[in-house]
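Protein chains in written order, with my numbering: chain A, 1 to 265; chain B, 1001 to 1232.
#1: At which residues does the beta strand (DSSP E) containing residue 1209(B) begin and terminate?
#2: Hey, would you say residue 1062(B) sits closer than 8 Å to residue 1115(B), going by beta carbons?
#3: I want to verify the contact list: residues of chain B whose CB lies under 9 Å from the CB of residue 100(A), in sequence order.
#4: Are any of the Cβ atoms in chain B nearer than 8 Å to that of residue 254(A)?
#5: For residue 1013(B), I'd like the list of residues in its chain whose CB is within less than 8 Å of its CB, leaving aside the five on either flank, ordered along the chain.
#6: Indicate whether the contact test is met: 3 or more Cβ pairs, each with one atom in the stretch 1137 to 1147 of chain B and one in the stretch 1103 to 1112 of chain B, closer than 8 Å.
#7: From which residue to which residue does the beta strand (DSSP E) around residue 1059(B) run?
#8: DSSP state of residue 1232(B), grouped into three classes?
#9: Using a beta-carbon distance cut-off of less than 8 Å, what residues from the stretch 73 to 97 of chain A approach chain B?
#10: Taking only the alpha-carbon atoms, compute the straight-line gap between residue 49(A) and residue 29(A) and give it to the nearest angstrom.
#11: Within the same chain, show all residues whose beta-carbon is closer than 6 Å to that of residue 1077(B), passing over the 5 residues directly before and after it, in chain order.
#12: Grab the span of the beta strand (DSSP E) containing residue 1135(B) for me, first residue to last.
#13: For the alpha helix (DSSP H) containing residue 1189(B), name the first residue and the last one.
#14: Rounded to whole angstroms, what's the CA-CA distance from residue 177(A) to residue 171(A)? Just pull it up for me.
#15: Rounded to whole angstroms, what's the CA-CA distance from residue 1210(B) to residue 1197(B)? Just pull it up for me.
#16: Going by DSSP in three states, residue 1076(B) sits in which element: helix, strand or coil?
#17: Please tell me whether residue 1017(B) has its Cβ less than 8 Å away from any Cβ of chain A.
#18: Could you check the C-alpha separation between residue 67(A) and residue 191(A) for me, to the nearest Å?
#19: Tell me, please, whether the stretch 57 to 67 of chain A touches the stretch 108 to 121 of chain A by the rule of three or more beta-carbon pairs shorter than 8 Å.
#20: What separation, rounded to the nearest whole angstrom, lies between the Cα atoms of residue 270(A) and residue 3(A)?
#21: Can you check whether the CB of residue 240(A) is closer than 8 Å to the CB of residue 163(A)?
#22: Is any beta-carbon of chain B found at less than 8 Å from that of residue 181(A)?
#23: I want to see whether chain A comes within less than 8 Å of residue 1154(B), judged by CB atoms only; does it?
#24: Please report the distance separating the alpha-carbon of residue 257(A) from that of residue 79(A).
#25: Distance, Cα to Cα, residue 43(A) vs residue 116(A)?
#26: Take every Cβ of the stretch 1124 to 1132 of chain B, pair it with every Cβ of the stretch 1095 to 1103 of chain B, and state whether three or more of those distances are shorter than 8 Å.
#27: Rounding to the nearest angstrom, what Cα-Cα distance links residue 90(A) and residue 1095(B) in this structure?
#28: Applying the criterion that 16 or more other CB atoms from any shown protein chain within 10 Å of the CB defines a buried residue, is residue 56(A) buried or exposed?
#29: Thinking C-beta only, is residue 1089(B) closer than 8 Å to residue 1125(B)?
#30: Whose Cβ in chain B lies nearer than 7 Å to the Cβ of residue 187(A)?
#31: Consider the Cβ of residue 1055(B): report whether some Cβ of chain A lies at a distance smaller than 8 Å.
#32: Measure the C-alpha to C-alpha separation of residue 1227(B) and residue 10(A) and round it to an integer number of angstroms.
#33: Please return the same chain residues whose Cβ sits closer than 6 Å to the Cβ of residue 1207(B), not counting the five positions on each side in sequence.
#34: Could you name the residues of the same chain whose beta carbon sits closer than 8 Å to that of residue 1022(B), not counting the 5 residues immediately before and after it, in chain order?
#35: My understanding is that residue 69(A) touches residue 5(A), with C-beta atoms under 8 Å, so please give their C-beta distance in whole angstroms.
#36: With DSSP as the reference, identify every bridge partner of residue 1180(B), one or two as the case may be.
Printed below as a string of structure tokens:
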């Protein structure tokens, strides 16, 4: 059933997102030609500048639209009238939440890849900015740096960084879900309460993180920062564990509300 | 044969307001039952509880011996009073959706009924009138071979001609094993198909009896009795 939920969720979301990504790629192809073969002076330069601006705007917009659309989709599909259909399907609330989470992650990656490809198209064989070789160089430098700093341990560090990145994304998505779920417990101002709750939790997380680090440094009697190369492994591991705990808490709260405290209008 | 639905002293409150208070009900299989009562008497709340959209504060609900959950949703077909289908979908797409999730969904039957009511399979829901959307939803719900159908105001927004078709559909779908629970205000329209009635008043069950008993004992139609009981 999870597979079917994901299939239908992809159908529902791709109708907006796929045309958007295609539009991004089309603009990139046009820009590729204007940047590479356009004149550098006069009217053409203005047009080139304008198109470059559009390209940049589009890049930012596409990521923002993806995020907002996925949040709106969660709210509309589960907590508006459509919720009557979704919550009477013979599937558990776990699967409902997971299907949304997985599809949101999927589109986040796709939008990131789409943006990367669009800049690749624009810059490949460009005269002035050669983004491709620049990126390659950066990646190479990054790996060299990692190697130099961590020696043989850099693979572990790299894998931990990737896991941490995904966890960071998941915990943020789940926090949004929890906020929306908590907002719907109230009769009025559901979305306002969701937003306030989200901000409050954000502030609490920030303060806990800062005070945790300072507290730890103080307890250990360190004169310097705790973020040293030799501590990298343990810090990454601790962050992963904390991130995982955060995910578990937000997931459990959302699932509990959907299962026991649903309050569809 | 086991009861299809059993409610044992169910109470449900929303922020200070009691929607249902100590409700006891037992429904048998093979009946068409009218759930009647004025606005705010708890009809919709009861149907939501049966479908797991709400959880009772106290008491117990069992559908064929099981509390509402994934298992019971497989055998209960629910028509809420809301239009719950996504607006961007076509009729074909919603049929596909139902087919994917409900094993007991009969595609042929759905298309037959859509044809009878002249509903275009390729039309998007957002271009339909409210009445047509309600028809589509009812067709989807009735195209399942469920054990229990819960219909919340199924004919409220539908024109009288289609009402007859829909009521006929409901009756012809009647199977020995399944029970249909219909909540409505339009008693006169629906009275002829009912086997039993439940009157809800101020969050409690006023009475639950067979339609024949009401006619014999009270000497009047359900509609007349309703008007008398709930006279303002």
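A virtual CB, placed ideally from N, CA and C, is assigned to each residue, including glycine. For clarity, every value in this text was computed on a predicted model and none was experimentally measured.
Looking at the coordinates:
#1: Counted from its first residue, the second chain places residue 1209(B) at position 209. From DSSP, the beta strand (DSSP E) with residue 1209(B) extends over 1204 to 1210.
#2: Your numbering for residue 1062(B) matches position 62 in the second chain. Your numbering for residue 1115(B) matches position 115 in the second chain. Cβ distance not < 8 Å, so residue 1062(B) and residue 1115(B) don't count as in contact.
#3: In the first chain, counting from the first residue as 1, residue 100(A) sits at position 100. What residue 100(A) touches in chain B: nothing, since even the nearest Cβ is about 14 Å away.
#4: Counting from one through the first chain, the residue named residue 254(A) turns up at place 254. Chain B contact via Cβ: absent.
#5: As a working note, residue 1013(B) is residue 13 in the second chain. Counting only Cβ-Cβ distances below 8 Å, and skipping sequence neighbours, we find 1019, 1057.
#6: yes
#7: The residue labelled residue 1059(B) in the question sits at position 59 within the second chain. Unbroken beta strand (DSSP E) run through residue 1059(B): 1058 to 1063.
#8: In the second chain, counting from the first residue as 1, residue 1232(B) sits at position 232. Residue state, collapsed to three classes: coil.
#9: 77, 81, 82, 83, 84, 85, 87, 88, 89, 90, 91, 92
#10: As a working mapping, residue 49(A) is identified with position 49 in the first chain. As a working mapping, residue 29(A) is identified with position 29 in the first chain. Roughly 15 Å between the two C-alpha positions.
#11: One-based indexing of the second chain puts residue 1077(B) at position 77. These residues qualify, in order along the chain: 1141, 1144, 1146, 1149.
#12: Locating residue 1135(B) in the second chain gives position 135, counting from the first residue. No beta strand (DSSP E) holds residue 1135(B); the alpha helix (DSSP H) holding it covers 1130 to 1142.
#13: In the second chain, the residue the question calls residue 1189(B) occupies position 189. For residue 1189(B), the uninterrupted alpha helix (DSSP H) run begins and ends at 1187 to 1190, by DSSP.
#14: The sequence position of residue 177(A) within the first chain is 177, counting from 1. The sequence position of residue 171(A) within the first chain is 171, counting from 1. Spanning the two alpha carbons is a distance of roughly 10 Å.
#15: As a first step, residue 1210(B) is located in the second chain; it is residue number 210 there, counting from the start. As a first step, residue 1197(B) is located in the second chain; it is residue number 197 there, counting from the start. For residue 1210(B) and residue 1197(B), the distance between alpha carbons rounds to 6 Å.
#16: Taking the second chain and counting its residues from 1, the one referred to as residue 1076(B) is at position 76. Here residue 1076(B) sits in strand by DSSP.
#17: For this step, residue 1017(B) is matched to residue 17 along the second chain. No, residue 1017(B) lies away from the interface with chain A (no Cβ there is under 8 Å from its Cβ).
#18: As a working note, residue 67(A) is residue 67 in the first chain. As a working note, residue 191(A) is residue 191 in the first chain. About 17 Å.
#19: The count of Cβ pairs closer than 8 Å, one atom from the stretch 57 to 67 of chain A and one from the stretch 108 to 121 of chain A, reaches three, so the stretches are in contact.
#20: Since the first residue shown for chain A is 1 and the last is 265, residue 270(A) is missing from the structure and cannot be characterised.
#21: Along the first chain, read from residue 1 onward, the residue named residue 163(A) stands at position 163. Along the first chain, read from residue 1 onward, the residue named residue 240(A) stands at position 240. Going by C-beta atoms, residue 163(A) is nearer than 8 Å to residue 240(A).
#22: If you number the first chain from 1, residue 181(A) lands on position 181. It does not; no Cβ of chain B falls within 8 Å.
#23: In the second chain, the residue the question calls residue 1154(B) occupies position 154. No, because no Cβ of chain A sits closer than 8 Å to the Cβ of residue 1154(B).
#24: Reading the first chain from its first residue, position 257 is the one you call residue 257(A). Reading the first chain from its first residue, position 79 is the one you call residue 79(A). About 12 Å.
#25: Position 43 of the first chain holds residue 43(A). Position 116 of the first chain holds residue 116(A). C-alpha of residue 43(A) to C-alpha of residue 116(A): approximately 29 Å in a straight line.
#26: no
#27: By 1-based counting over the first chain, the position of residue 90(A) is 90. By 1-based counting over the second chain, the position of residue 1095(B) is 95. Between residue 90(A) and residue 1095(B), the C-alpha separation is close to 16 Å.
#28: Start at 1 with the first residue of the first chain, and residue 56(A) comes out as number 56. Flag for residue 56(A) reads exposed.
#29: The sequence position of residue 1125(B) within the second chain is 125, counting from 1. The sequence position of residue 1089(B) within the second chain is 89, counting from 1. Contact flag set, yes.
#30: The residue labelled residue 187(A) in the question sits at position 187 within the first chain. Simply 1015.
#31: As a first step, residue 1055(B) must be located in the second chain, where it is residue number 55. Yes, contact with chain A.
#32: Here residue 1227(B) is taken as the residue at index 227 of the second chain, counted from 1. Here residue 10(A) is taken as the residue at index 10 of the first chain, counted from 1. Using only the alpha carbons, I get a separation of about 50 Å.
#33: Here residue 1207(B) is taken as the residue at index 207 of the second chain, counted from 1. Cβ within range, chain order: 1199.
#34: Here residue 1022(B) refers to the residue found at position 22 when the second chain is read from its first residue. Contacts found: 1009, 1010, 1011, 1059, 1204.
#35: Taking the first chain and counting its residues from 1, the one referred to as residue 69(A) is at position 69. Taking the first chain and counting its residues from 1, the one referred to as residue 5(A) is at position 5. That pair is no contact at about 18 Å.
#36: Numbered from 1 along the second chain, position 180 holds the residue referred to as residue 1180(B). According to DSSP, residue 1180(B) bridges with 1032(B), 1149(B).
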